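Engineer:
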Amino acid sequence: MGMTLRTSEAQTEALRRQAEAEGRSMQAVALSAIDEYIARREHKAKVSAVARRVVSEEAGVLERLKDA
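Residue numbers for the sequence shown follow my numbering, beginning at 26 and rising by one.
1) Can you tell me the Cα-Cα spacing of S50 and E67, whole angstroms?
2) At what residues does the alpha helix (DSSP H) containing R49 begin and finish?
3) Any idea what DSSP makes of G85, helix, strand or coil?
4) Using CA coordinates, which residue listed in L90, A58, S73 is at the minimum distance from A39?
5) Mind checking whether A44 and V54 have CB atoms under 7 Å apart?
6) Grab me the residues of S73's own chain with a C-beta within less than 8 Å of its C-beta, minus the 5 sequence neighbours each way, in chain order.
7) Can you tell me which of K71, L56, D92, I63 puts its alpha carbon nearest to the alpha carbon of M26?
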């Protein structure tokens, strides 16, 4: 599936410099950045879900630790 991505001149130039530095195409660098962004967001969501579960399941222990 294709899409058009409109970037500012500064973003385009930064992307061009980064791609050149890595010896990759601008598209490859942009796609890699998108993949990394999505992976970070998914990881953050998983960590938050686990933290909420631990806080919920261990509320009694956490309360006792607070008072210790």
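Glycine included, every Cβ here is placed at the ideal spot set by N, Cα and C.
These figures come from a predicted structure and were not determined experimentally.
Structural biologist: So, to answer that:
1) The residue labelled residue 50 in the question sits at position 25 within the sequence shown. The residue labelled residue 67 in the question sits at position 42 within the sequence shown. Roughly 26 Å separates the two Cα atoms.
2) For the purposes of this step, residue 49 is taken as residue 24 along the sequence shown, with counting starting at 1. Judged by DSSP secondary structure, R49 falls outside any alpha helix (DSSP H); it is assigned neither H nor E.
3) Here the question's residue 85 lines up with position 60 in the sequence shown. G85 falls in the helix class under three-state DSSP.
4) The sequence position of residue 39 within the sequence shown is 14, counting from 1. Cα-wise, what sits closest to A39 is A58.
5) Here residue 44 refers to the residue found at position 19 of the sequence shown. Here residue 54 refers to the residue found at position 29 of the sequence shown. Yes, these two residues count as a Cβ contact at 7 Å.
6) Walking along the sequence shown from the start, residue 73 turns up at place 48. If we look at S73 and ignore the five residues flanking it on each side, it has no Cβ neighbours.
7) For the purposes of this step, residue 26 is taken as the residue at position 1 of the sequence shown. Measuring from the Cα of M26, the nearest candidate turns out to be L56.
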